[in-house]
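K.L.:
Take a look at the following structure, please.
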Amino acid sequence: MLKNVATPRKVIYGVGGFAQINNVLDERRSVKNGWMLIIIDNYFEGNPIVDKIKLLEKDHIEFVDIKSSEPTTVEVDRIRDWALSYDSELPSAVVGMGGGSAMDYAKAVSLMLTHDGPSQNYQGKYGLLKRPGVYTIGIPTISGTGAECSMPAVLSGPEKKMGLNGIWVPFRQIILDPNLIESVPIKQWFYTGMDCYIHNVESHLNYHSTQLSRSLDEASLKLCEEVFLQEGQTKESNEKLMIASFLGGKSIGFADVAACHALSYGLSHVFKYRHGLGNCIVFQHLEDIYGDYVVKFNQMCEKNDVQLPQNLSANWSYDKIKQMVLISMDLPFLWENAFGPDWRIKITMDYLVSLYKRM
Ligand code: NAD
Ligand code: ZN
2 MLKNVATPRK VIYGVGGFAQ INNVLDERRS VKNGWMLIII DNYFEGNPIV
52 DKIKLLEKDH IEFVDIKSSE PTTVEVDRIR DWALSYDSEL PSAVVGMGGG
102 SAMDYAKAVS LMLTHDGPSQ NYQGKYGLLK RPGVYTIGIP TISGTGAECS
152 MPAVLSGPEK KMGLNGIWVP FRQIILDPNL IESVPIKQWF YTGMDCYIHN
202 VESHLNYHST QLSRSLDEAS LKLCEEVFLQ EGQTKESNEK LMIASFLGGK
252 SIGFADVAAC HALSYGLSHV FKYRHGLGNC IVFQHLEDIY GDYVVKFNQM
302 CEKNDVQLPQ NLSANWSYDK IKQMVLISMD LPFLWENAFG PDWRIKITMD
352 YLVSLYKRM
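Reading the sequence shown from the start, the letters are residues 2 to 360 in this note's numbering.
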């Protein structure tokens, strides 16, 4: 069956676009007058940019700690429980401002406000979420994950790192303002940007790719190459990167991620590497799967003076490698995306052990 892909309904794009936040909030209040729950990456705590948000009496800003960990089910449930005790009315909107992590927090909290039980119960398959969440507004401050326009809200739970998935998850409104990503440190800019590049490669070579997904990933790949092979981190290139992320996020909505993400989920779960860096550590070694795209990736590292960790596996026990292999093997859809329905012929335990040993 063909996928039914949901994406944000309303998009504001442009340099300085964040100035429209109060119009967006007012517009929402005119439909449902109530309080706003505004979830912001705590990197921005005390930053004058936050003062531009006009808060009414009951509105609440929740600063989330992204530095110490990517989004967890425990923290989503905590914010949801707090919000339910704060007011008898659900918020008019949940706003998420930050990178993929803060945006995924907002998407997940919005849904858990209308679903009972712990969020870990909803990780995984489509169809577990039964109804829309609270209206959501997304404001990215790093570009690359595509979380601003993609379907999942990726969470680390007690058992697995996996998304809440389905048509109810994407933001209803997003504001894309390239000025907001200017302060991203160069390494983070690169790792998260490479997440976008890798999404595009995995979408482009995907067994389930279509004319629609390819049109999106090709446009995004072209922008990634301009940014990471030619222009570097500049005011102008930030505009391109923001669009690359948006288009790449849309393309994986239709074609989805594949081999690199399957391996990097294992790596991140066992050794706690962050998503962008974890993907980079894996991708540099996937030349026999992704060919010239890996050559280009290595050129991008060189051009931007990024040295990725090497020889990590020298310190990994066989048990840890096996644990990563089992997590990775347990993502059959991603392997099918890479190699088609007969993926088990190629993807054996031994092959995956050999891939991890390259890292
Ligand atoms: P992030 O949100 O984890 O943030 C990385 C770091 O950058 C943090 O320390 C943060 O405080 C800082 N930061 C954010 N904005 C900044 C700014 N403007 N200036 C300076 N510092 C800033 O990074 P990310 O790579 O965007 O997101 C990774 C997360 O996204 C992971 O949890 C991953 O699982 C998720 N993800 C989600 C999707 C999806 O479709 N929903 C896709 C890919 C990845
Ligand atoms: Zn990714």
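Positions of the beta carbon are idealized from the N, C-alpha and C atoms, including for glycine. These figures come from a predicted structure and were not determined experimentally.
Tell me, which residues are paired with A154 by DSSP?
P.N.:
L165
K.L.:
By DSSP's criteria, P141 is part of a beta bridge. Which residues make up the other side?
P.N.:
Its beta-bridge partners are G99.
K.L.:
Rounded to the nearest angstrom, what separates K358 and Y106 at their Cα positions?
P.N.:
33 Å
K.L.:
If you draw a straight line from the alpha carbon of V12 to that of I22, how long is it in whole angstroms?
P.N.:
12 Å
K.L.:
Following the continuous beta strand (DSSP E) through Q300, name the residue where it begins and the one where it ends.
P.N.:
Where Q300 is concerned, there is no enclosing beta strand (DSSP E), although the alpha helix (DSSP H) it sits in stretches over D293 to K304.
K.L.:
Looking at the strands, I want to know which residues DSSP matches up with F64.
P.N.:
Residue pairing by DSSP puts F64 in a beta bridge opposite I41.
K.L.:
Please state the DSSP three-state secondary structure of Q308.
P.N.:
In the displayed model, Q308 falls within coil according to three-state DSSP, outside both helix and strand.
K.L.:
Using 8 Å for Cβ pairs, my map puts I50 next to V96. What's the rounded Cβ distance?
P.N.:
Contact doesn't hold; Cβ gap of about 13 Å is too wide.
K.L.:
Hey, how far is the Cα of F334 from the Cα of R345?
P.N.:
11 Å
K.L.:
Mapping the DSSP letters down to three states, classify K223 as helix, strand or coil.
P.N.:
helix
K.L.:
Over the uninterrupted beta strand (DSSP E) stretch that includes V271, give me the two end residues.
P.N.:
Premise fails: V271 lies in the alpha helix (DSSP H), A260 to F272, not in any beta strand (DSSP E).
K.L.:
Taking only heavy atoms of the ligand NAD into account, decide whether any of them is closer than 8 Å to the Cβ of T146.
P.N.:
yes
K.L.:
How big is the Cα-Cα spacing for S31 and V16?
P.N.:
Each residue's alpha carbon lies about 26 Å from the other.
K.L.:
Closest to S314 by CA distance: which of S355, P171 and G341 is it?
P.N.:
S355
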